[in-house]
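**Student:**
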Amino acid sequence: MSDVRVEVARAGRAAHDLADAGAELLGRARAAGTRIQALSAAPPWGADEIGAAFEARYRAVEARVLAATEDLGAQVEDLGVSATVAVRRVTATDDANDALIQGAWPV
2 MSDVRVEVAR
12 AGRAAHDLAD
22 AGAELLGRAR
32 AAGTRIQALS
42 AAPPWGADEI
52 GAAFEARYRA
62 VEARVLAATE
72 DLGAQVEDLG
82 VSATVAVRRV
92 TATDDANDAL
102 IQGAWPV
C-alpha cells in the first residue's frame with residue numbers, strides 16, 4: 002500500500018489553475034504575435050542590402066517562434082485539462098472501490 006495521499010480539492014484547484022494559466026499564456030502569445038507582426042509589417046530594418054538579407058530570413062523565424070509560443074500555451078492548457086480529468090477519474094475510482102469494499106465487508 003502506498004503512503005501517497007492526494008488532497009482532491011487542492012489537486013483539482015491546481016489542475017484548473019494550470020489550465021487557466023495555459024489559456025492566459027495562449028492569449029498573451031496571440032496578442033504579442035499580432036503586435037510583432039504589425040510592427041514588422043513595414044520592415045524596420047531597412048531596404049538596403051543588409052536589411053533585405055535580414056528580411057529574407059526573418060519571416061520564417063518569426064513564424065516559427067510565434068507558432069511555438071502559441072503551441073506552448075495550448076499544451077499547458079491541455080495539460081491542466083488532462084490533470085483535471087485525472088483527478089476526477091481517480092476520485093471516481095476510489096469512490097467505486099470504497100463502495101465495493103463496504104458492500105463486501107459492511108462495518
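Those letters in the sequence shown? Residues 2 to 108, by the numbering used here.
Glycine residues also receive a C-beta, built at the ideal position from the N, C-alpha and C atoms.
In chain order, what residues of the same chain lie with their CB nearer than 8 Å to the CB of threonine 92, ignoring the 5 residues before and after it?
**Tutor:** Val9
**Student:** How about alanine 81 and glycine 23: do their beta carbons lie closer than 8 Å?
**Tutor:** The residue you asked about is not alanine; residue 81 is glycine in the sequence shown. Going by beta carbons, glycine 81 and glycine 23 fall inside the 8 Å limit.
**Student:** Per the contact definition of three or more C-beta pairs closer than 8 Å, is the stretch 33-47 in contact with the stretch 56-67?
**Tutor:** yes
**Student:** Alpha carbon to alpha carbon, how far is valine 77 from aspartate 96? Give it in angstroms, no decimals.
**Tutor:** 29 Å
**Student:** Identify whether valine 7 lies in helix, strand or coil by the three-state DSSP scheme.
**Tutor:** coil
**Student:** Name the two residues that bound the continuous alpha helix (DSSP H) containing glycine 81.
**Tutor:** That run of the alpha helix (DSSP H) goes 50-105.
**Student:** Helix, strand or coil for glycine 47 per DSSP?
**Tutor:** coil
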